[in-house]
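A short write-up of the structure that comes next.
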Amino acid sequence: VEHTEKSKFEENNIIFKGSLQPQDLLEELVSSTLYVHTAYVENSPNSICEAQCLGVPVLSTNVGGISTLLQNGKCGYLVPANDPWQMANAIIQMSSDEARIKELSQEEIQVARSRHKVANIQGQLMACYSDIIQKKNA
Numbered sequence: 001v002e003h004t005e006k007s008k009f010e011e012n013n014i015i016f017k018g019s020l021q022p023q024d025l026l027e028e029l030v031s032s033t034l035y036v037h038t039a040y041v042e043n044s045p046n047s048i049c050e051a052q053c054l055g056v057p058v059l060s061t062n063v064g065g066i067s068t069l070l071q072n073g074k075c076g077y078l079v080p081a082n083d084p085w086q087m088a089n090a091i092i093q094m095s096s097d098e099a100r101i102k103e104l105s106q107e108e109i110q111v112a113r114s115r116h117k118v119a120n121i122q123g124q125l126m127a128c129y130s131d132i133i134q135k136k137n138a
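In case it helps, my numbering puts the sequence shown at residues 1 to 138.
And the structure:
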């Protein structure tokens with residue numbers, strides 16, 4: 001992005017940080033209003049899970065396995081890939097609704113706690129093992 005274009009972004013509080021050290025990245029995420037993930041191809045991005053754990057509402061393209069991490073409208077929003085206008089519109093709508101951002105933040109935390117709860121992970125793992133054993137014995 002050229003210098004003149006960067007100033008246009010900065011006027012709208014969009015700042016390109018470049019590569020960050022882990023602690024600096026954590027500080028940026030915690031202070032963020034919104035995490036925007038614009039992948040064209042993706043499986044199950046850790047960055048979305050990290051934002052959710054910190055209660056940062058997520059806006060993402062609906063590609064790959066992302067829809068298994070975000071329930072559209074409940075704990076974040078999904079937009080079609082390759083649609084910059086819809087992504088831009090969603091950013092504007094989400095960032096201008098403080099009450100909704102707070103609701104999404106709380107929901108993100110609850111989803112993350114449930115997904116990463118040891119008992120839930122153990123249960124899912126045991127179900128997988130049971131399924132494998134049943135198929136092997138069939």
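Yeah, the Cβ is synthetic: ideal placement off N, Cα and C, and Gly gets one too.
Item	Value
Let me know the secondary structure DSSP gives L104 once reduced to three states.	helix
Keeping to the same chain, check which residues put their C-beta closer than 8 Å to that of P80; ignore five residues upstream and five downstream.	T61, N62 and Q86
Name the DSSP bridge partner or partners of Y158?	Absent from the structure is residue 158, since the part of the chain shown begins at 1 and ends at 138.
Could you pull out every unbroken beta strand (DSSP E) segment of at least 3 residues lying fully inside the stretch 26–70, listed in chain order?	35–37 and 58–61
Would you call the stretch 87–105 and the stretch 64–72 in contact, with 3 or more CB pairs under 8 Å?	no
I'd like the list of long-range same chain contacts for E50, defined as Cβ closer than 6 Å, with 5 residues on each side in sequence excluded.	none
Identify the continuous alpha helix (DSSP H) that holds L125 and give its terminal residues.	V118 to N137
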